[in-house]
Amino acid sequence: MREEEKKQPSQLKRFKNILKKRWVYPAIYLASAALIIAGILWYQSVGSHSAKEKFSNDGNALVGQNKSDNEAIEVNKAIENFKMPVDHPSLASIEKKFYDPNASAKEQEAALVVYGNTYQPNQGIDITMKNGKSFNVVAAMGGKVSEVKEDSVLGNVIEIDHGNGVVTEYQSVKDIAVKEGDSVKQGETLAKAGQSELNKEAGTHLHFEIRKDDIAVNPVSYFNKPLSSVELPKNNSDESTSTDQKETTNNTDSGNTPSANENAGE
Numbered sequence: 001m002r003e004e005e006k007k008q009p010s011q012l013k014r015f016k017n018i019l020k021k022r023w024v025y026p027a028i029y030l031a032s033a034a035l036i037i038a039g040i041l042w043y044q045s046v047g048s049h050s051a052k053e054k055f056s057n058d059g060n061a062l063v064g065q066n067k068s069d070n071e072a073i074e075v076n077k078a079i080e081n082f083k084m085p086v087d088h089p090s091l092a093s094i095e096k097k098f099y100d101p102n103a104s105a106k107e108q109e110a111a112l113v114v115y116g117n118t119y120q121p122n123q124g125i126d127i128t129m130k131n132g133k134s135f136n137v138v139a140a141m142g143g144k145v146s147e148v149k150e151d152s153v154l155g156n157v158i159e160i161d162h163g164n165g166v167v168t169e170y171q172s173v174k175d176i177a178v179k180e181g182d183s184v185k186q187g188e189t190l191a192k193a194g195q196s197e198l199n200k201e202a203g204t205h206l207h208f209e210i211r212k213d214d215i216a217v218n219p220v221s222y223f224n225k226p227l228s229s230v231e232l233p234k235n236n237s238d239e240s241t242s243t244d245q246k247e248t249t250n251n252t253d254s255g256n257t258p259s260a261n262e263n264a265g266e
């Protein structure tokens, strides 16, 4: 019994002596830190693995990759506003305005297009430069070229589809720089202004239209406004814009000039 009692104090004394060593406590701290870090890494690896199993495909379904059928949307794309389809708007002037059924008789008459013996309401605006020279015709808004065709009466045509049933049309152009199927940016050069048989009086000009569901609207009303603002006239049946300017027919009463009011319903 006495020998055991002697051994116990000596072992305790040794332990106390070890604790007095300078390296003991740093070693304990390092070992504890290693254990804590190992535990964190293990927990993270387990959590990451369970997340992959839950969502499958390494998360691809969440970002629209591989098996996702949803198209990516460019959320940061700036909203464009319609602009004058010319390089230098400050030097341009509107030679013939859009036919407005609510305008005065004088304004309506000035907005009639005369071709042969046919009188039609102008479905767009005719733009000229003050110096009378040709100028670059540019895209009023970004979109996809849906049609490019030669037309001796209209003076060649470019049509751009902007989606939502809205297209812009550029008539009386030459030196066309785009083709059907091209994607164009706002301000990109499409062609140069030329002349047309339909409106010889305008000389070198651009005939510009904005159409919603194939109904012409007043372009001036939508400059500096977004695509979403384009709306159909409230009374389409009463609007002159429902007449397609591309279809020119001879007036059977060749000796008579119809008044502006008579043309309002065409």
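Residue 193 in our numbering is what sits at position 193 of the sequence shown, and the numbering runs on without skipping anything.
Even for Gly, the Cβ is constructed at its ideal location relative to N, Cα and C.
Does L232 come out as helix, strand or coil in the three-state DSSP assignment?
The answer is coil: DSSP assigns L232 none of H, G, I, E or B.
On the three-pair Cβ rule with 8 Å, is the stretch 180-196 touching the stretch 144-161?
Contact between the stretch 180-196 and the stretch 144-161 is present, because at least three Cβ pairs lie under 8 Å.
Can you tell which of L227, A110 and K179 has its C-alpha closest to the C-alpha of N164?
When only C-alpha atoms are compared, the closest one is L227.
Straight-line Cα distance separating G203 from E180
Between E180 and G203, the alpha-carbon positions lie close to 27 Å from each other.
Less than 7 Å between C-beta atoms, sequence neighbours within five positions excluded: which residues of the same chain meet that for G142?
E80, V184, K185 and Q186.
Spatially closest choice to P233 from Y99, I28 and N117, by CA coordinates:
Selected option, being the one with the closest Cα: Y99.
Less than 8 Å separating the beta-carbons of K97 and A105?
Not closer than 8 Å, so no.
Rounded to the nearest angstrom, what separates L41 and E231 at their Cα positions?
Those two C-alpha atoms are separated by around 59 Å.
Contact the stretch 207-216 vs the stretch 118-133: 3+ CB pairs below 8 Å:
Contact holds: three or more Cβ-Cβ distances are below 8 Å.
Restricting to Cα atoms, I'd like to know which of F135, V166 and H162 is closest to A270.
Outside the modelled stretch of the chain, which goes from 1 to 266, sits residue 270, for which no answer is possible.
Same chain, Cβ closer than 8 Å to M84, five either side skipped, listed in chain order
Result list for M84: A92, I127, A140 and F223, in chain order.
For G132, does the count of other Cβ atoms within 10 angstroms reach 16, so buried, or fall short, so exposed?
Exposed.
Among D161, E201, K149 and V166, which one has its Cα closest to the Cα of A177?
Nearest option by C-alpha distance: K149.
Quick check on H88: buried or exposed, where buried means 16 or more other Cβ atoms within 10 Å of its Cβ?
Exposed, since its Cβ has fewer than 16 Cβ neighbours within 10 Å.
Cα-Cα, which of K130, V166 and D151 is closest to K144?
In this structure, V166 is the residue among K130, V166 and D151 with its C-alpha nearest to the C-alpha of K144.
Kindly give me the distance between the Cβ atoms of V137 and Y170, rounded to whole angstroms, as I take these residues to be in contact under 8 Å.
Indeed, because the Cβ distance is near 6 Å, the residues count as touching under 8 Å.
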